[in-house]
Structures are given as C-alpha cells and as structure tokens.
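Visitor: Below is the structure I would like to discuss, written out as structure tokens.
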Amino acid sequence: MQNTWMSAATDPNVLERAERQAQVVRALNSVLPPHALLWNAEDTTPYECDGLTAYRQRPLVVVLPETGTEVQEVLQACHALKVPVVARGAGTGLSGGAMPNVLGVTLSLAKFNSILKIDPVSRTAVVQCGVRNLAISEAAAPHGLYYAPDPSSQIACTIGGNVAENSGGVHCLKYGLTLHNVLKVKGFTAQGEAVQFGSDALDCAGYDLLSAVVGSEGMLAVITEVTVKLVPKPQLARCIMASFNDVRKAGDAVAQVIAAGIIPAGLEMMDKPMTAAVEDFVHAGYDLEAAAILLCESDGTPEEVEEEIGRMSQVLNAAGATALSVSRDEAERLKFWSGRKNAFPASGRISPDYMCMDSTIPRKRLADILLAIQEMEKKYGLRCANVFHAGDGNLHPLILFDANEADQLQRCERFGAEILETSVAMGGTVTGEHGVGVEKLNSMCVQFTPGELDQMLGVKRAFDPDGLLNPGKVIPTLNRCAEYGKMLVRGGRIAHPELPRF
6 MQNTWMSAAT DPNVLERAER QAQVVRALNS VLPPHALLWN AEDTTPYECD
56 GLTAYRQRPL VVVLPETGTE VQEVLQACHA LKVPVVARGA GTGLSGGAMP
106 NVLGVTLSLA KFNSILKIDP VSRTAVVQCG VRNLAISEAA APHGLYYAPD
156 PSSQIACTIG GNVAENSGGV HCLKYGLTLH NVLKVKGFTA QGEAVQFGSD
206 ALDCAGYDLL SAVVGSEGML AVITEVTVKL VPKPQLARCI MASFNDVRKA
256 GDAVAQVIAA GIIPAGLEMM DKPMTAAVED FVHAGYDLEA AAILLCESDG
306 TPEEVEEEIG RMSQVLNAAG ATALSVSRDE AERLKFWSGR KNAFPASGRI
356 SPDYMCMDST IPRKRLADIL LAIQEMEKKY GLRCANVFHA GDGNLHPLIL
406 FDANEADQLQ RCERFGAEIL ETSVAMGGTV TGEHGVGVEK LNSMCVQFTP
456 GELDQMLGVK RAFDPDGLLN PGKVIPTLNR CAEYGKMLVR GGRIAHPELP
506 RF
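Add 5 to the 1-based position in the sequence shown for our numbering, that's all there is to it.
Rendered as structure tokens:
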C-alpha cells in the first residue's frame, strides 16, 4: 500500500525521457495514423491514472489503435525497442493496474467497441475488448438473454478490463465471476504473436491457460476479443431487505443462509455508515437505525422465487433480523439495489477522497473483520464505510480521507494495509476482484512466501520473458518484500505471527 514504489521510476532523467520518447514516436509513426498517436503532455495527462487516483504518472506515449493489425504492430515495435506496454480499457480499475509506466507506452483499447456476434442458439456473444459490460446485456435483451457478471461500474467498465481483473458483481454468488462466464479470449503476446485461450466448446485441448489469463491484470497478453456466455433472463426476481441491530448477527445470518443450502442470486451487506451515505444519495428506503442491512435476492420462475424467498425469510428471522421488507415489484427491487450500486459515488459525496479496499475472508468471519475495522478507525483517526459481497466474503471497505491534509493519505494507506493483513490472518486473501495492481504490492509480501512469488514470476516469464507487459505490477520483488518487512518491524505492525516473515 505504501507509495514508495514510485520513487525510483517517476523522475527519470528529463533528457533520457525526451530522447526515448522521440525514438518511440518515430517507430510508432510508421504503424499508426497521426491521430492514433499522442505524446504531448496535455494529450497524455488524462491517462495518468485509473480509478485509483492517489497514484499518478504520465505515460511516455499513448496509442489508440483501431484494428488488431495495428495492435500487433505496436507490440512488435515496442518489443524491438524493449519499451514497456500498459494496456488500458475504460480506466475504471481500482488498484492502479492501468497506471502508466513513465518510460512506456499506454495502449488504449477504447476503440475496440464493437459487438461482433450475438448467438441466441449457443447463448454466446463475441465482443471486442472495449465493449462496455452493460452493453452486452442490452444487445442480448431482445433474445431474452443477458451477461451475468455485473460490477458496480458496469455502465462504464469494459469487458477487456473485466477479463484482466476477473471482475464479479452483486450477482456473482450464483452466476460466478468473469472467469466462469468467458469461453474464449483472443489477443497478442508482448512480442506481437496472435494467441487464443479457451475455445467455443466446453473444454479445450492442453493446459487450461484461459484460467491463467483471466485475472492476470494485463501481465501475460493484450486481449482484444472475448467470447462470453449469455444466460436466460429470469422470469422473476425479488429482493429481501433485512435489518439487524448487531453486525455479528448480520454476519452470522449470511453464513446461515448458505448453510441452509440456499444460493441467492445476490447476497450483499452494508454497515450503518454506508446505508446512511447511500440513503441520502438515492433514497432507496434503507433502515437508517440498523447496524447492518442485508440484501438477499432470489430469481427464477415465480414458483421458485416464492419458495426461496420464504425459506430465506425464515432463516433471516431466526438469525435475529429486526425487520424484513420484500420487494413488491420490479421497480421496488431496483430501488433496493440502487443504493448498493451507488455505494461508491455516495461515499464521494461525504468525503473529499476515499480509497476502496478489496479483500476476501471466510463468510463466518464477516463480523470479526467489521469489528476489527471499527478499532482501526480509532487507531488511524479516519472513517470507514463498508459494503460487502457478503455471499462470497468479498469486502469493499471505503476509507474516507482528505488528500489536502498532510498525512491523511499515508494514514489511509496504513489503514488499508492493515485491513488486508487482517483478512489474510483470518484465512482470506488480499484481493477478491479489484486486482493487485500497484495498490496491494506490499500486501502480496504478507500473503505469499518468496518461493510462491517466484513461481508466479515464472508464469510471467513464460509469457513475457522481457517483462514488458505492465511491469512493476501485481508481483513484488523479493527486495521490495524485504524492505516492507523491515518497515513493519520498525513500526511494530506485524500483529499476526502466523503470516510469512518475508
């Protein structure tokens, strides 16, 4: 989490940068039209960060290719010059995965925005990587189909970015993450070689490299085309909003719903600060007195929904719910979800800045992590509003801070790092769907041993021996881990003896 990783690369020799830039521009001028090549500061500054705005740096050059051939030739030219390449979609990522390399090329794939084919018989769609997540469902709607993964940014985020981060959403408990909804991807290696992972069939020959590429954060290949699965739109969906006067009861209720053999279409949790923020923003009808609320959705045939809503209501009441509201129609169901979908912009209304964390813990530890975060709020003097993909234990604490205050960003970083370390200590991981990027590099040192990190680098080297695709992201160096370990010891912050000792 600490911002120290930028110190070595963000201020290269000005002359070196200018010479390198001129060299790269000359090479790319031969493969791209002039309007597809940007290098002046006013043109490249908009690309200096993704959704993690706390970390910024301008790329050397930005390219906006429009064809696969242009992407291939850009990669070949950069590889010949040994120039780093960072692929970028809509820039909605929250871990700094698309932040530029200061001496590299940012490869924007925004113009790859065509839906190539909707096949209602095979229930698939073939789309370019720059197609918005929600646009797939809109195109499939006339056939009674939709694309299930629905990250909160689905109105803007692109399918290529979803593949890079293995994105989920509020309905991932029942319908899975991006990995479970993608059949095939096409793209290019760092050397510009055309590659395909997966197939149109349910399985493919050889190693399952599709599973390696999905979630690889642009480190293994540049994806340009994706074949996704479509699912039938349910006949009916209804949502329960359940209030709890105690966060432990709410957390236990999540585990009890799953233990009862129920797999809801969506199972989300919000704490009191978050419900207050979103209620003031969208007026979704949330219970402002509750310590936590759960949103539990059922979808399917009317008969299936009625039966499942009844079973979930029984479990929630037995778990100590103080109030239950069941959506009466589609408009009210969407109203319930509008608050959850707008959690991030609602937080932006109550704080100058926020940092959205992302980790995953066992469902049974939901209350434990919430209570731990409350203690961290006191420790770091910062507020935190919490929203969870509770069904699969994916946390999204939003730490509120003001970057104009001298030390608040640093306190926010330490706060976030402690959340991640605590998640690992509770049997979880440092990320669920936002990726590692640059934000969680140090936290990777906490979760994985040096040997495990070296194995990850081995996979990277197999695809990209020169380390040109998205370098400096996801996998920390062993030197970095050693320095981070020393820093933790100096700060007295290793609270969990069972974690790796760097």
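For glycine and all other residues, C-beta sits at the position ideal for the given N, C-alpha and C.
Measuring straight from C-alpha to C-alpha, what distance separates asparagine 118 and glycine 135?
Guide: Each residue's alpha carbon lies about 4 Å from the other.
Visitor: Can you pull the DSSP bridge partners for glutamine 133?
Guide: Its beta-bridge partners are Glu230.
Visitor: Based on Cα-Cα distance, which residue from Ser221, Leu235, Thr97 lies nearest to valine 126?
Guide: Checked all of Ser221, Leu235, Thr97; the closest Cα to valine 126 is Leu235.
Visitor: Does arginine 388 come out as helix, strand or coil in the three-state DSSP assignment?
Guide: Three-state result, arginine 388: strand.
Visitor: Does DSSP put glutamate 21 in a helix, a strand or coil?
Guide: Note: glutamate 21 maps to helix in three-state DSSP.
Visitor: Phenylalanine 453 by DSSP, collapsed to three states: which one?
Guide: Three-state result, phenylalanine 453: coil.
Visitor: Is leucine 188 near threonine 232, with beta carbons less than 8 Å apart?
Guide: Closer than 8 Å, so yes.
Visitor: Taking the runs of the alpha helix (DSSP H) that are 4 residues or longer, which of them lie wholly in the segment 123 to 201?
Guide: Listed in chain order, they are 138 to 145, 164 to 170, 177 to 180.
Visitor: In whole angstroms, what is the alpha-carbon distance linking glutamate 21 and alanine 27?
Guide: About 10 Å.
Visitor: Hey, threonine 111 and proline 64: beta-carbon distance below 8 Å or not?
Guide: Yes.
Visitor: So is serine 35 buried or exposed if we call it buried at 16+ other beta carbons inside 10 Å?
Guide: Serine 35 is exposed by the Cβ-count criterion.
Visitor: Could you compute how far the alpha carbon of alanine 487 sits from the alpha carbon of proline 89?
Guide: The straight-line gap from Cα to Cα measures roughly 25 Å.
Visitor: Bridge partners for alanine 270 per DSSP, in chain order?
Guide: Answer by DSSP bridge pairing: none, since alanine 270 is not bridged.
Visitor: Using the three-state DSSP reduction, which class does proline 51 fall into: helix, strand or coil?
Guide: If DSSP states are grouped into helix, strand and coil, proline 51 belongs with the helices.
Visitor: Leaving out five residues on either side along the sequence, give the residues of the same chain with a beta carbon under 6 Å from the beta carbon of alanine 265.
Guide: Excluding sequence neighbours, alanine 265 sits near Val320.
Visitor: I believe methionine 360 touches glycine 421 by the beta-carbon criterion, under 8 Å. Please report the beta-carbon distance rounded to the nearest angstrom.
Guide: So it is a contact: roughly 6 Å between Cβ atoms.
Visitor: On the premise that serine 172 lies in contact with proline 154, defined as a C-beta separation below 8 Å, what is that separation, rounded to the nearest angstrom?
Guide: Confirmed, about 6 Å.
Visitor: With the cut-off set at 8 Å, would you say proline 239 and glycine 192 are in Cβ contact?
Guide: Not closer than 8 Å, so no.
Visitor: I need the boundaries of the alpha helix (DSSP H) containing proline 239, first residue and last residue.
Guide: Here proline 239 belongs to no alpha helix (DSSP H), and DSSP marks it neither H nor E.
Visitor: Between the Cα of proline 550 and those of Ala95, Ala258, Thr129, Ala195, spot the shortest distance and give me the residue it belongs to.
Guide: Because the chain here runs from 6 to 507, residue 550 falls outside it and cannot be looked at.
Visitor: Three-state secondary structure (DSSP) at phenylalanine 117?
Guide: DSSP places phenylalanine 117 in coil when its eight states are reduced to three.
Visitor: If you draw a straight line from the C-alpha of valine 175 to the C-alpha of histidine 394, how long is it?
Guide: Distance between the alpha carbons of valine 175 and histidine 394: 6 Å.
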